[in-house]
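Asker:
Number of protein chains: 2
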Amino acid sequence: MSGRAGSRPINMKNIAIIGVGLIGGSFAKDIRKHSTKSRIFGVDSSASHLDEALELGIIDEIADYDILPDADFVIVAIPVDVLVQELPKILNLVSDDCVVIDAGSTKSLVCKSVENHPKRRNFLACHPIAGTEFSGPSAAFQGLYDGKTNIICEIEKTAFKLQERALGLFQKLNMRIRYMNAEAHDRHIAYVSHLSHISSFMLGKTVIEKEKNERDIFDLAGSGFESTVRLAKSSPAMWTPIFEQNKENVVETLEEYIQNLTEFKRLLQHDDFDKVYQEMDNTNRIREILKGIPVGNTK
Amino acid sequence: MSGRAGSRPINMKNIAIIGVGLIGGSFAKDIRKHSTKSRIFGVDSSASHLDEALELGIIDEIADYDILPDADFVIVAIPVDVLVQELPKILNLVSDDCVVIDAGSTKSLVCKSVENHPKRRNFLACHPIAGTEFSGPSAAFQGLYDGKTNIICEIEKTAFKLQERALGLFQKLNMRIRYMNAEAHDRHIAYVSHLSHISSFMLGKTVIEKEKNERDIFDLAGSGFESTVRLAKSSPAMWTPIFEQNKENVVETLEEYIQNLTEFKRLLQHDDFDKVYQEMDNTNRIREILKGIPVGNTK
Chain R
4 MSGRAGSRPI
14 NMKNIAIIGV
24 GLIGGSFAKD
34 IRKHSTKSRI
44 FGVDSSASHL
54 DEALELGIID
64 EIADYDILPD
74 ADFVIVAIPV
84 DVLVQELPKI
94 LNLVSDDCVV
104 IDAGSTKSLV
114 CKSVENHPKR
124 RNFLACHPIA
134 GTEFSGPSAA
144 FQGLYDGKTN
154 IICEIEKTAF
164 KLQERALGLF
174 QKLNMRIRYM
184 NAEAHDRHIA
194 YVSHLSHISS
204 FMLGKTVIEK
214 EKNERDIFDL
224 AGSGFESTVR
234 LAKSSPAMWT
244 PIFEQNKENV
254 VETLEEYIQN
264 LTEFKRLLQH
274 DDFDKVYQEM
284 DNTNRIREIL
294 KGIPVGNTK
Chain U
4 MSGRAGSRPI
14 NMKNIAIIGV
24 GLIGGSFAKD
34 IRKHSTKSRI
44 FGVDSSASHL
54 DEALELGIID
64 EIADYDILPD
74 ADFVIVAIPV
84 DVLVQELPKI
94 LNLVSDDCVV
104 IDAGSTKSLV
114 CKSVENHPKR
124 RNFLACHPIA
134 GTEFSGPSAA
144 FQGLYDGKTN
154 IICEIEKTAF
164 KLQERALGLF
174 QKLNMRIRYM
184 NAEAHDRHIA
194 YVSHLSHISS
204 FMLGKTVIEK
214 EKNERDIFDL
224 AGSGFESTVR
234 LAKSSPAMWT
244 PIFEQNKENV
254 VETLEEYIQN
264 LTEFKRLLQH
274 DDFDKVYQEM
284 DNTNRIREIL
294 KGIPVGNTK
């Protein structure tokens with residue numbers, strides 16, 4: 004990452020945010036902080052989200068794809084199924100001097116959707132590991148990206164000058180940059196992100212089903228339960244296409260998780276509590292591992 | 004709960020804390036805040052924990068069971084396997100005017116261990132839903148119990164005057180009291196607490212196993228992962244006997260959880276993403292449910 008690029012002020016005239024939810028809206032708020040000169044245009048399939056984003060001061064103007072030829076910087080923060088459809092159309096419209104970044108939680112299909120596009124060099128594939136279980140413009144906040152990891156894929160396919168512009172913004176936002184290929188990204192992120200969401204959703208489902216007639220029971224839950232089911236509040240519209248695009252990796256992680264749970268159950272049933280202890284003791288290493296994770300509202 | 008009892012000052016001469024870890028130590032710190040007159044004695048199988056508790060000002064004096072005949076209030080906060088062995092011995096030693104409370108995460112076997120004890124009326128079976136993933140005296144803090152739920156079982160078996168003394172303390176500490184029978188407690192707590200711990204431990208195990216040769220991968224994890232594996236930092240010495248004592252209920256919750264995960268995997272494999280969406284959408288109800296959970300470092 005270029006220190007020179009990062010130390011420059013954000014000097015972009017027209018910025019388009021496609022998808023003015025938590026991710027796009029938080030980018031807009033941070034850009035606003037670092038640049039009073041930029042004009043931020045919001046594009047979204049939801050008219051009410053656009054109105055809300057305008058009202059909250061997240062965007063300066065409601066726009067559509069007609070703005071794209073005049074944009075210097077385009078941030079596409081929409082569900083990954085729509086992303087792979089829209090990205091080629093967006094690249095069709097932007098100028099040669101515009102950089103388009105995404106924020107999708109899958110990278111293989113996203114990169115594949117534009118691999119032969121004549122404007123592939125205008126696209127930078129990104130996955131900022133940041134977010135919360137909430138969504139929509141009202142969930143956006145300044146500082147979401149501070150100290151967070153941004154995984155960039157296929158950096159070599161993006162024009163140098165445009166890489167530099169995007170990296171300059173990420174540096175302003177104090178993001179940590181990691182470079183990976185798209186396949187490795189999808190394989191590893193299945194373990195450290197996608198599986199957590201499924202384990203959380205299914206934990207929530209199991210407890211809700213069991214306790215459906217005894218709502219008072221949740222009075223007995225503490226923040227241990229709250230912590231493990233937090234991700235079950237996440238948006239199905241965002242997560243369904245992620246699981247679809249990363250199906251193969253996600254199914255593999257699920258199989259290993261189910262196998263470990265089944266083995267733990269077997270130990271309990273066979274009263275092998277020495278082994279039960281050992282399993283938990285071994286996993287306590289997660290304490291050391293987690294120390295390396297940047298704190299805050301990351302996903 | 005008696006308002007009269009709660010409004011009285013804590014007026015106890017000798018308080019014994021058996022187990023000076025997070026739970027016992029936090030009780031000691033809160034009692035200290037509300038009563039400068041009480042003398043707090045620490046009893047523990049770990050000499051180093053006792054030294055630490057004394058050094059941290061959690062206890063006034065290191066003691067052993069010889070102090071019990073002179074105690075007004077005894078808090079037993081030790082792993083549930085040791086608890087069921089020690090509780091009858093403790094009751095043997097206390098005076099008729101002493102109340103003994105526990106803090107175990109299981110209640111059936113604990114209550115059974117003293118059901119025919121001649122001093123059963125001196126015991127109040129408690130489960131404060133409070134704690135963190137950390138343990139030992141240094142993890143103790145003032146205010147741990149503020150606003151937290153305390154489940155009391157078999158209240159009718161405790162002498163009224165002694166109930167009143169314990170409830171007076173809980174009111175001072177601003178705890179919410181819930182009364183249940185021991186079997187219902189164990190059945191429900193398996194869902195809202197014990198299962199969360201296993202789901203978290205096995206998630207940690209799955210990811211550590213997969214990524215053992217690629218430690219950098221945890222760089223990619225955000226606090227979504229951190230949130231779902233937080234409980235995997237918990238103490239195996241505390242949790243193994245909980246799972247043992249509540250084996251039947253825990254195995255049942257695990258079976259339902261594994262079944263839900265397996266069904267979700269099947270939906271993915273059969274490309275039934277409408278149903279995948281529906282499953283997550285249904286579970287989003289957890290948002291409303293969680294609003295009722297007291298926030299803070301509860302377990």
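Sequences listed follow chains R and U, in order. Heads up, the first sequence is in our numbering, so the first residue is 4 and it goes up one at a time. Heads up, the second sequence is in our numbering, so the first residue is 4 and it goes up one at a time. Cβ atoms here follow ideal geometry from the backbone N, Cα and C, with glycine treated the same way. Computed from a predicted structure; not experimentally measured.
1. List, in order along the chain, the chain U residues whose C-beta lies closer than 8 Å to that of isoleucine 192(R)?
2. Are the C-beta of serine 203(U) and some C-beta of chain R separated by less than 8 Å?
3. Does the Cβ-Cβ distance between serine 202(U) and serine 41(R) come in under 8 Å?
4. How big is the Cα-Cα spacing for isoleucine 132(R) and glutamate 251(R)?
5. When you compare the CB positions of glycine 22(U) and isoleucine 61(U), do they come within less than 8 Å of one another, or not?
6. CA-CA distance, valine 279(R) and threonine 231(R)?
7. Are the beta-carbon atoms of serine 111(R) and valine 87(R) separated by less than 8 Å?
8. Tell me which residue opens and which closes the alpha helix (DSSP H) that alanine 50(U) is part of.
9. Just to confirm the assignment: which complete alpha helix (DSSP H) runs, minimum length 4, are found wholly within the stretch 193-268 of chain U?
10. Using 8 Å as the threshold, is the stretch 118-134 of chain U in touch with the stretch 150-165 of chain U, meaning 3 or more CB pairs across them?
11. If you check the beta carbons only, do serine 138(U) and serine 238(U) fall under 8 Å apart?
12. Quick one: is lysine 32(R) buried, meaning 16 or more other Cβ sit within 10 Å of its Cβ, or exposed?
13. What separation, rounded to the nearest whole angstrom, lies between the Cα atoms of glycine 227(U) and arginine 124(R)?
14. What residue does the beta strand (DSSP E) around arginine 42(U) start on, and which one ends it?
15. Please identify the residue among Asp99(R), Pro140(R) and Asp63(R) whose C-alpha is closest to the C-alpha of serine 24(R).
16. Between the alpha carbons of tyrosine 68(U) and isoleucine 26(U), how many angstroms are there, rounded?
17. Alpha carbon to alpha carbon, how far is alanine 185(U) from leucine 59(R)? Give it in angstroms, no decimals.
18. Within 10 angstroms of its Cβ, does tyrosine 194(U) collect 16 or more other Cβ (buried), or is it exposed?
19. Using the Cβ count rule (16 or more neighbours within 10 Å means buried), how would you classify serine 5(U)?
20. Glutamate 136(U) and leucine 234(U) look like a contact to me (Cβ under 8 Å); what is the Cβ gap, rounded to whole Å?
21. Is it true that the CB of isoleucine 78(R) sits closer than 8 Å to the CB of isoleucine 20(R)?
22. Could you compute how far the alpha carbon of leucine 45(U) sits from the alpha carbon of leucine 71(U)?
23. So, at 7 Å on beta carbons, what are the nonlocal neighbours of cysteine 114(U) in its own chain, with the 5 sequence-adjacent residues on each side left out?
24. At 9 Å on the CB atoms, spell out the chain U contacts of serine 111(R), in chain order.
25. Ordered along the chain, which non-local residues of its own chain (more than five positions away) have a Cβ less than 8 Å from that of phenylalanine 267(R)?
26. Check arginine 288(U) in the structure and name its three-state DSSP category.
27. At 9 Å on the CB atoms, spell out the chain U contacts of methionine 120(R), in chain order.
28. Taking the alpha helix (DSSP H) that proline 91(R) falls in, what are its first and last residues?
29. Arginine 269(U): buried (16+ other C-beta within 10 angstroms of its C-beta) or exposed?
30. Which stretch, first to last residue, makes up the beta strand (DSSP E) that contains valine 77(R)?
31. To test your reading of the DSSP string, which unbroken beta strand (DSSP E) runs of 3 or more residues are found completely within the stretch 97-134 of chain R?
32. Mind listing which residues of the stretch 279-298 of chain R have their C-beta closer than 9 Å to chain U's C-betas, in chain order?
33. By a C-beta neighbour count over all protein chains shown, 10 Å radius and 16 as the cutoff for buried, is serine 199(R) buried or exposed?
Answerer: Looking at the atomic coordinates:
1. Contact annotation for isoleucine 192(R) against chain U: Leu223 [CB-CB distance below 8 Å, chain order].
2. For serine 203(U), the closest Cβ of chain R is nearer than 8 Å.
3. Not a contact, by the Cβ cut-off of 8 Å.
4. C-alpha separation (whole angstroms): 21 Å.
5. Cβ atoms of glycine 22(U) and isoleucine 61(U): not closer than 8 Å.
6. The straight-line gap from Cα to Cα measures roughly 20 Å.
7. Not in contact: serine 111(R) and valine 87(R) (Cβ atoms no closer than 8 Å).
8. 50-58 is the extent of the alpha helix (DSSP H) around alanine 50(U).
9. Runs found: 198-213, 226-232 and 239-248.
10. The stretch 118-134 of chain U, when compared against the stretch 150-165 of chain U, does touch it at the 8 Å Cβ threshold.
11. Serine 238(U) sits close to serine 138(U), with the two beta carbons spaced by under 8 Å.
12. Note on lysine 32(R): 16 or more other CB atoms within 10 angstroms of its CB, so buried under the neighbour-count rule.
13. C-alpha separation (whole angstroms): 32 Å.
14. From DSSP, the beta strand (DSSP E) with arginine 42(U) extends over 42-46.
15. Note that residue 24(R) corresponds to glycine in the displayed sequence, not to serine. Nearest C-alpha to glycine 24(R): Pro140(R).
16. Each residue's Cα considered, the two are about 19 Å apart.
17. Their backbone Cα atoms lie some 51 Å apart in a straight line.
18. So tyrosine 194(U) ends up on the buried side.
19. With a pLDDT of only 41 at serine 5(U), under 50, the local geometry of the prediction cannot be trusted, and the value read off the model is given with reservation. That one is exposed.
20. At roughly 6 Å, the Cβ-Cβ gap stays under 8 Å, so glutamate 136(U) and leucine 234(U) are in contact.
21. Against a cut-off of 8 Å, the Cβ pair of isoleucine 78(R) and isoleucine 20(R) comes out as a contact.
22. Just to set this straight, residue 45(U) is glycine in the shown sequence, not leucine. Looking at the two C-alpha atoms, the distance is approximately 11 Å.
23. The answer, listed in chain order, is Ala128, Cys156, Glu157 and Ala185.
24. Result: empty, since nearest Cβ-Cβ is about 15 Å, beyond 9 Å.
25. So the list reads Val279 and Glu282, once near-sequence residues are dropped.
26. In this structure, arginine 288(U) counts as coil in the three-state DSSP scheme.
27. Methionine is not the amino acid found at residue 120(R); the sequence shown has histidine there. For histidine 120(R), no chain U residue has a Cβ inside 9 Å of its Cβ, as the nearest lies near 26 Å away.
28. Where proline 91(R) is concerned, the enclosing alpha helix (DSSP H) starts and stops at 83-96.
29. Exposed, by the Cβ-count rule.
30. Residues 76-79.
31. Along the length of the stretch 97-134 of chain R, whole beta strand (DSSP E) runs at least 3 residues long occupy 102-105 and 126-131, reported in chain order.
32. Taking 9 Å as the Cβ-Cβ cut-off against chain U, the residues of the stretch 279-298 of chain R that qualify are Val279, Tyr280, Gln281, Glu282, Met283, Asp284, Asn285, Thr286, Asn287, Arg288, Ile289, Arg290, Ile292, Leu293, Gly295, Ile296, Pro297 and Val298.
33. Answer is buried; the Cβ neighbour count reaches 16.
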